[in-house]
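A quick write-up on the structure given underneath.
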Amino acid sequence: MARAKRTVVVGIDLAGSPRRPTGLCVLHGLRARTQVAHTDEEILGAVEQARPDLVPIDAPLSLPPGRTSIHDRSGEHLRECDRELRRRKIRFFPITLGPMRMLTERGLALKAKIEAMGFAVVECYPGAAQDLWHIPRQHRDRTGLLRGLADLGVKGLTAEMTGDELDAVTAALVGHWRLKGKGEMLSGDAGILVPRLP
0 MARAKRTVVV GIDLAGSPRR PTGLCVLHGL RARTQVAHTD EEILGAVEQA RPDLVPIDAP
60 LSLPPGRTSI HDRSGEHLRE CDRELRRRKI RFFPITLGPM RMLTERGLAL KAKIEAMGFA
120 VVECYPGAAQ DLWHIPRQHR DRTGLLRGLA DLGVKGLTAE MTGDELDAVT AALVGHWRLK
180 GKGEMLSGDA GILVPRLP
């Protein structure tokens, strides 16, 4: 009997600026390999090499209703998926907030480039997944986050991994869950991917 094909997911914990580190995780099945990147070229090269089934990116990948760009001051501040996070009491930064505008702009541009390469992209929020899995966020307890991801079955983790890399692992794991039928898109396909819990 043929064995089921292992999924490949590239999780990206995107920084708003190339000057700051972006965490990358290539998840083959449940085995993680991470790295830190800075430029879009480094990120796109890692995606191209991995040939993933899915690319979850920790960055806003859609705009609030009524806005034509992230710099457009008209329209709403929150998207429907943001409102759903709020209903679930999950903390987040609105995408119209100062530094989030730069992250949104970079995320939208990167999404377009990755989709043009032929790979599926979804928005992911590691903090939401960590809250739903009841494991610590990186800023509160990086060692606890590493331990929590290992308890969820991720292999190949090391104590040297940065918080950005562990958030990328979280994004990749949520993508893995999605491919296994255990993911949920808050507010539809243009929303945020989170793990679907029993």
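Numbering-wise, numbering that gives the first Met the number 0 puts 165 at position 166 of the sequence shown, and it's gapless, one number per residue.
Glycine is no exception: its CB is placed at the ideal position from the N, C-alpha and C atoms.
- Contact check for residue 191 against residue 124 passes: the beta carbons are separated by less than 8 Å.
- At least 8 Å separates the beta-carbon of residue 42 from that of residue 170.
- About 23 Å separates the CB atoms of residue 161 and residue 28; that is not less than 8 Å, and the two are not in contact.
- DSSP places residue 33 in the strand class (E or B) of the three-state scheme.
- Only residues of its own chain outside the window of five on either side were considered, and among them 17 have a CB closer than 7 Å to the CB of residue 38, listed in chain order.
- Sequence-distant Cβ neighbours of residue 36 in its own chain, meaning closer than 6 Å and more than five residues away, are 21, 23, 42.
- Shown here, residue 12 sits in a strand according to DSSP, grouped into three states.
- Here residue 32 is near residue 155, since their CB atoms are less than 8 Å apart.
- Taking C-alpha positions only, residue 143 is separated from residue 55 by approximately 22 Å.
- One thing to note: residue 59 has its Cβ within 8 Å of the Cβ of residue 106.
- At a Cβ-Cβ threshold of 8 Å, residue 148 and residue 165 count as neighbours.
- About 20 Å separates the beta carbon of residue 114 from that of residue 186, a gap too long to meet the 8 Å contact definition.
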